[in-house]
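The sequence shown begins at 1491 in my numbering and counts up by one.
The C-beta atom is built at its ideal place from N, Cα and C for all residues, glycine as well.
For reference, the structure discussed in these notes is given below.
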Amino acid sequence: GSTGLDARLMLIKGLKVDGQFAFSYGEYKDENLAFFIRPSFRTDTFYMHFGYKQLDEHFGENVNPVGFIQDDDRREIDAVLVKSFMTGKGSIQEIRYESAYDMFWGKDSTLRSWQVDQGVYLETNNNFTIGVSHSEEFKLYEKEFRNRQSRILLGFNLNEDRQYVGLSVTFGKNYDATFDLMQIFKKLKISRGFWVQYDLSRLKWGREFRLLPHARDAWIHALRFTLNFSDTVSSGIYYQFHNLERFEEGRAVRDFRSNIQIIVTARLLKRILIQGGYRDYQTEFGFIRPEGDLAFLKISYLF
């Protein structure tokens, strides 16, 4: 598990500094700390931040029983830039450029990862969104990998968090295998305080790469339920079903997996936040962990 301290310093209008320090406990008693600091600046049409993060060698091993740290023992820097241009002419209401950069090294100064994301989005007066984006990534594991992906997005009402619908097509190369991914997502307000979101993803790998262990064609269904009981108590349910296809000895084998996560959040006296939850398996797409159930509790206090 872990114990942490979050902090936010408001300097001037739009300029703030966020930070976090975390201490993990478990099997390892040393090299078990993590922290980050991130100044940011925001206006109505502009946003940028620059962050630094450091995770000790054993932080992930201690935290992973109740969370997931993809990679520890690292020093990481990241930056994000978003700029919107309000046209006010014709059917185009806004043109938005988004750019993100991330790079991390091992504490031995070995470069282990970098990623660059670029995207351009058009917002129309009738609430449609059209976007294109591209990502380039480097990963160092047993060898060096160059991953890349391009995405085309069409959505309606995406700026409205309560109800929206969208379609995206993504294609590229991931760990030496080409792929294409189609996603359809819909969020619907059922009643006041109750929302349902459904995501359908179809992942398909290049035929010549299907013997690779991670290159498994899949249909992925995801359901999210959000229920606000009051201004201070809410709950969320996430259910995901995978229909994976892998190849063994030249024949296709289907693997059915499902997982569920339930979280209840309560705010007490405006300063105490309590979260309790349950989940089975691992909900993040692409990661397979041993089967098992997990219950967790998080308590936060706002000073």
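- As computed with DSSP, K1694 is found in a beta bridge with D1670.
- Taking I1762 as the centre and dropping the five residues before and after it, the same chain places the C-beta of Y1791 closer than 6 Å to its C-beta, in chain order.
- Distance check between Y1688 and each of Y1729, G1696, K1506, F1661 places Y1729 closest, using alpha-carbon atoms only.
- Here R1757 is near T1722, since their CB atoms are less than 7 Å apart.
- Contact check between the region 1545 to 1564 and the region 1581 to 1590: fewer than three CB pairs, one atom from each, fall below 8 Å, which does not count as touching.
- Excluding its 5 nearest sequence neighbours in each direction, E1566 has C-beta neighbours in its own chain below 6 Å: K1543, F1594, listed in chain order.
- Comparing alpha carbon positions, the residue from L1499, T1614, D1592 closest to Q1608 is D1592.
- For N1552, there is no enclosing beta strand (DSSP E); the enclosing alpha helix (DSSP H) covers residues 1549 to 1553.
- For F1669, the closest C-alpha among the options N1647, V1655, R1638, N1649 is that of R1638.
- The Cβ atoms of I1750 and D1770 sit closer than 7 Å to each other.
- Going by DSSP, R1636 is part of the beta strand (DSSP E) stretching over 1634 to 1646.
- C-alpha of Q1560 to C-alpha of G1550: approximately 8 Å in a straight line.
- For F1699, the secondary structure class from DSSP, reduced to helix, strand or coil, is helix.
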